[in-house]
Structures are given as structure tokens and as C-alpha cells.
Amino acid sequence: MPEINLSLNVAKLVDEMRKAGGFPSDDALKTLAVQIGNAFGARKDEVAILRLAPDGMALRFLYPTKLQKVGEIPMTTAHSLATKTIRDKRAEIVNNFSVYKHPTVFESVDLSAEEKANPIQKIMSVPMVTEGKVAGVIQISRKGVPGDQIGPDFTPKDVTELAAVGSIVGKYSTEIPFEPPAAHKHGAGAHPPKA
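Residue numbers for the sequence shown, in our numbering: 1 to 195.
Quick look at the structure:
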């Protein structure tokens, strides 16, 4: 039953963002990340939503919003779990991510004053599939210093629940502009893209 409740809650939030129009506000994306993260015992800084570029050559963060400005992940990147998730079109759970060879550039970014950069210890990565096509990737991680208590391992049930959410978020991500508007600010609603 939690899977249905989460999917309904996410669908409601996505519908509100859709009605607001344009590119979603930072606050709207944060609310979405909190909703998704809470379902898995994760903080908002442990939720990542990445969209596939229209040309299919790179991934860009939709959330965390601070990472929208950091750059893209080329689909040719070796050892990237996000690109592997898209190429293989299947979910993956890595409950020992610290030993998994992966790029760490995004892990080193402090997302806010309260959310200092910590390495990812556990992660699940799920393709956002909509209308039979992969639109991006949604990931939930558990971050912390090795040896810290960071929460339970992710399970196949968690992946199923996240995949349901991913299809909702993935469809929405294909409906909004790929580039956030230059004047993208922290408002309650979305700001329409420039024509």
C-alpha cells in the first residue's frame, strides 16, 4: 500500500507543477524530493533526478537544483551508474557503493549550508521510463562517512516502488523545457521559459 500512496502523492505534486507551467521552481522540486526521499528514509539531498538530453548524448540534473549548473554527464562516461542505468534500461541496487568505481565530482558539491558533501555509501538507480522510452534516471542514495550508521540496504521492493514514481516524474520531465530559464528563482510557482 505505501507504493500506491507514494505514487499518488508524487502524481499530485507533479500535477501541481504541470498546472503552474514552465520550468518547475526550486521549491517545487525540493518538495517533490522530500516526498520521494521520505518514502525511503532518505534526506532530500539523497534524491537525484537526471534527465536525458533531447539528443540522447548526456544527462543533466533536474534535482538537486544546485547541480543543474555544475554540468552534464556524457552518456559515454565510463563507470557512471546513471549512464549505465539508461544504457541497460534496468534498475540497479548497490549497497556497497563506496567500493563501486564511479565518478565522484557531484558527490563533492555542498548542496547547502546544512547539507555538506558526503560520499554515497548505498544507492538505487532506476530508469524513468515513459511511453516505452527512457527519459532519465531517478536515484535514492544513503550518504555518510564510512562506518557511520546510514540506514538499511535497498531492496527489490524499494526498486519497484521507485520505478513507479520514476515513470510519473519521467513523463513530466519530457514536458518541460530542457534548459532552465536564466531567471530561474526560488519561487512558489514555476517561471515560464522565454519564447
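Beta carbons are placed, not taken as given, at the ideal position from N, Cα and C, and that holds for glycine. Only a predicted model underlies this, so the values are computations on that prediction, with no experimental measurement involved.
- The beta carbons of residue 136 and residue 49 sit about 7 Å from each other, so the pair counts as a contact at 8 Å.
- The criterion of a C-beta distance shorter than 7 Å is satisfied by residue 124 and residue 159.
- Short of 7 Å from the beta carbon of residue 11, and not among the five residues preceding or following it, lie these beta carbons of its own chain, in chain order: 168.
- Residue 128 is positioned such that its CB atom lies no closer than 7 Å to that of residue 71.
- In terms of Cα proximity to residue 120, the closest of 66, 87, 148 and 133 is 148.
- The three-state reading of DSSP puts residue 178 in coil, since its state is none of H, G, I, E or B.
- Look at residue 33 here: in three-state DSSP terms it is helix.
- DSSP places residue 171 inside the alpha helix (DSSP H), whose first and last residues are 156–173.
- For residue 84, the enclosing alpha helix (DSSP H) covers residues 81–88.
- Between residue 163 and residue 7, the beta carbon gap of about 10 Å keeps them out of contact (Cβ cut-off 8 Å).
- Taking 7 Å as the cut-off, the beta carbon of residue 46 is found closer than this to the beta carbon of residue 37.
- For a cut-off of 8 Å, the C-beta gap from residue 18 to residue 172 is around 6 Å, short enough to register as a contact.
- In the three-state reduction of the DSSP assignment, residue 69 falls in the coil class.
- Residue nearest to residue 142 within the set 177, 156, 178 and 94 is 94 (criterion: CA-CA distance).
- Excluding its 5 nearest sequence neighbours in each direction, residue 61 has C-beta neighbours in its own chain below 6 Å: 50, 67 and 68, listed in chain order.
- In terms of CA proximity to residue 96, 151 leads the group 151, 59, 76 and 34.
- When the five nearest sequence neighbours on each side are left out, the beta carbons in the same chain lying within less than 6 Å of the beta carbon of residue 176 are those of 23, in order along the chain.
- In this structure, residue 13 places its C-beta atom within 7 Å of the C-beta atom of residue 32.
- DSSP links residue 13 through a beta bridge to no other residue.
- When the five nearest sequence neighbours on each side are left out, the beta carbons in the same chain lying within less than 7 Å of the beta carbon of residue 180 are those of 23 and 68, in order along the chain.
- When only Cα atoms are considered, residue 27 and residue 63 end up about 11 Å apart.
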